[in-house]
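Sequential numbering from 159 applies to the sequence shown in this note's numbering.
Heads up, the beta-carbon is just placed ideally off N, CA and C, and yes, glycines get one too.
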Amino acid sequence: MFSLNKDESFSKREERVLDFWEKENIFQKSVDNREGEKLFSFYDGPPFATGLPHYGNLLASILKDVIPRYKTMRGFFVPRRFGWDCHGLPVENEIEKAQELSGHEFVSKFGIAKFNEECEKIVLRYTEEWKKTINRIGRWVDFSNTYKTMDITYMESVWWVFKELYDQGLVYEGFKVMPYCSKLGTPLSNFEANLNYQEVDDPSLTIKFQMKDDKDTYFLAWTTTPWTLISNLALAVGPDIDYVKIKDKKTNKNYIL
């Protein structure tokens, strides 16, 4: 038999385990213990360090911790370098707000080099908070050898990869319709484009279009831009679309939906 501590606290036990992992360097030992074994490459999409971690980051971090742990337990060598995403609109927007700039013209007057310097100053301002949070949830990553996407060596490696793809004929030039921000002078990602979506009430009308060869049959068309009806010249229908024909018994009129 063994004694049971009735005053045991799960939160306190968790803190003791985390403290033990840190003092004994358990994570690094688990990695070093597999050195020389088959490599399992773990590619982690790095977060922006301009903002504090939120629920979405925590959920993703747990998933990113489970797989490398499992592979390590299966005997693979799984190094896990943490990284920071230093490019993109979040960083630029922070500086524009701080310097009261608006758009490419004002940034150019401010000075591109100076603007880049300001971006570099703030891009890693929340790294300590990130480290604290990541360690607190028990995720194992290497913070002692982090990489930053603004490092020259990192950027050159990306260009090298791009050139390799180009030399192999895997890069092509094409055209695509994308959401574009005229103020920032750049296309927007799906995430950025969806940020400002709002539920709004629009005026709408359902209009009936009389068939030329059947005066008792109408096509019904719905629009949220009724002011454009004046210039309408034709009604488009799809040859492969199934429509429904409904008869109003009171008026003996037919409507095609």
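Pull the bridge partners of residue i from the DSSP assignment, please.
i      : result
PRO453 : Any property of residue 453 remains undetermined from this structure, which presents the chain solely from 159 to 415.
TRP242 : LYS306
ILE365 : ALA379
PHE206 : ASP243
TYR413 : TYR376, ILE404
LEU197 : PHE235
PHE300 : The question names Phe, but residue 300 is Asp in the sequence shown. Per DSSP, ARG239.
Leaving out five residues on either side along the sequence, give the residues of the same chain with a beta carbon under 6 angstroms from the beta carbon of residue i.
i      : result
LEU378 : THR364, LYS366, TYR413, LEU415
ILE399 : none
Here's a check: name, in chain order, each residue in its chain whose Cβ is nearer than 8 angstroms to the Cβ of residue i, leaving out the five neighbours to either side.
i      : result
TYR401 : VAL395, ILE414, LEU415
ASP372 : ASN412
ASN410 : ASP374
LYS164 : none
Looking only at its chain, what residues have a beta carbon closer than 7 angstroms to the beta carbon of residue i, apart from the 5 residues adjacent to it on each side?
i      : result
LYS405 : ASN412
THR230 : SER188, ARG192, VAL236
For my contact list, residue i and residue j are in at a C-beta cut-off of 8 angstroms; report their separation, rounded to the angstrom.
i      : j      : result
TYR284 : LEU210 : 6 angstroms
TYR247 : LEU353 : Just to set this straight, residue 247 is Leu in the shown sequence, not Tyr. Actually they are not in contact, since the Cβ atoms of LEU247 and LEU353 sit about 10 angstroms apart, beyond 8 angstroms.
VAL281 : ALA207 : 6 angstroms
PHE235 : GLY194 : 7 angstroms
Q) For the 8 angstroms Cβ check, are there 3 or more pairs between the segment 244 to 261 and the segment 168 to 178? A) The segment 244 to 261 is not in contact with the segment 168 to 178.
Q.
With three or more C-beta pairs closer than 8 angstroms as the rule, is the segment 197 to 205 touching the segment 272 to 284?
A. Not touching, per the Cβ criterion.
Q: State whether the segment 235 to 242 contacts the segment 313 to 328, with contact taken as three or more CB pairs (one from each stretch) at a distance under 8 angstroms.
A: Cβ pair count under 8 angstroms is below three, so no.
Q) Between the segment 327 to 337 and the segment 216 to 234, are three or more C-beta pairs nearer than 8 angstroms? A) Taking one beta carbon from each stretch, the segment 327 to 337 and the segment 216 to 234 have fewer than 3 pairs nearer than 8 angstroms; the two do not touch.
Q) Do the segment 285 to 297 and the segment 263 to 270 make contact, defined as three or more Cβ pairs closer than 8 angstroms? A) Judged by Cβ distances under 8 angstroms, the segment 285 to 297 makes no contact with the segment 263 to 270, as fewer than three pairs qualify.
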